[in-house]
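Numbering (full-length UniProt numbering), first residue to last: 1 to 260.
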């Protein structure tokens, strides 16, 4: 049993946890950057239906979307060194943080590949044909027509994914990474005020998630500022449209994951 609740510990732990935001955001940022490259490479064979690579991409996406991230962390941290030993590569001295980032990057890449594929596919094909008709090359049509719209369409899905990865980083402490959740486990060991520590932790995660959500909302509005539409739905409050986009994005991402 812990000690009686004392709100002063909430503020105390909140301040002590702040320095560890850097480690959490490092995991999130590196995972997303690497995962974005992986996601693009995995999405291309499925969009252009390259026979062998398409099947490999499907297996990759199915595995990382269909297994818990905690199991993936354990497989990479404990399993990869054993497999590399078979080819005489010793990675026992590699910091656990690198394994964590690599596992999260592969996990994120599977989701990003579906987001990229869905966003590019959502752009009206007629616009691309019109770009070819006025003399644009394939690269110009993609860069000037498809990419700007695809980015705007993908923002709600990407926002969901960033916040999901942020929350998933709380599992990194299981491998000894001293990020926000890991530090919140050790802070109250002497005072026994565990509830206050977890409340401080929840508050930090909430504030970061809220800031990210607002940032993506502004980014989406900027990317889609020239989007047409004067119907009744387009005149809905911007906040409601943002929530509708995020909800629809989540549903679409789950549907994409169920497709072969």
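In this text, a Cβ means the ideal position worked out from N, Cα and C, and glycines have one as well.
Can you say whether residue i is buried or exposed, counting buried as having 16 or more other CB atoms within 10 angstroms of its CB?
i           : result
residue 180 : buried
residue 169 : buried
residue 152 : buried
residue 132 : exposed
residue 233 : Residue placement at residue 233 is poorly supported in this model, since its pLDDT is 44, which falls under 50; the coordinates are not used for a value here.
residue 41  : exposed
residue 139 : exposed
residue 205 : buried
residue 15  : exposed
residue 150 : buried
residue 19  : exposed
residue 100 : buried
residue 29  : exposed
residue 127 : exposed
residue 216 : buried
Tell me the residue span of the alpha helix (DSSP H) that contains residue i.
i           : result
residue 12  : 7-17
residue 207 : 194-223
residue 104 : 96-122
residue 56  : 51-66
residue 125 : 125-133
residue 74  : 69-74
For residue i, which of the options has the nearest alpha-carbon?
i           : options            : result
residue 220 : 157, 104, 166, 36  : 157
residue 209 : 225, 129, 160, 175 : 160
residue 164 : 11, 49, 128, 69    : 69
residue 74  : 134, 125, 214, 102 : 102
residue 44  : 139, 114, 172      : 114
residue 111 : 147, 175, 37       : 37
residue 108 : 34, 201, 126, 4    : 34
residue 12  : 211, 207, 193, 143 : 193
residue 8   : 216, 195, 29       : 195
residue 17  : 183, 211, 222      : 183
residue 77  : 176, 203, 19       : 176
residue 261 : 58, 143, 137       : Summary: the structure shown does not reach residue 261, with the chain confined to residues 1 through 260, and so no result is reported for it.
residue 10  : 21, 198, 116       : 198
residue 213 : 92, 155, 80        : 155
residue 93  : 80, 47, 104        : 80
residue 106 : 211, 27, 22        : 27
residue 224 : 145, 82, 65, 64    : 145
residue 22  : 190, 202, 222, 178 : 178
Quick one: grab the DSSP three-state call for residue i.
i           : result
residue 168 : helix
residue 183 : helix
residue 191 : coil
residue 48  : coil
residue 86  : coil
residue 4   : coil
residue 92  : coil
residue 34  : helix
residue 80  : helix
residue 152 : helix
residue 137 : coil
residue 23  : helix
residue 176 : coil
For residue i, decide whether its Cβ has a neighbour in chain D, counting only Cβ atoms nearer than 8 Å.
i           : result
residue 172 : Within the model displayed, chain D is absent; a lone protein chain is all it includes.
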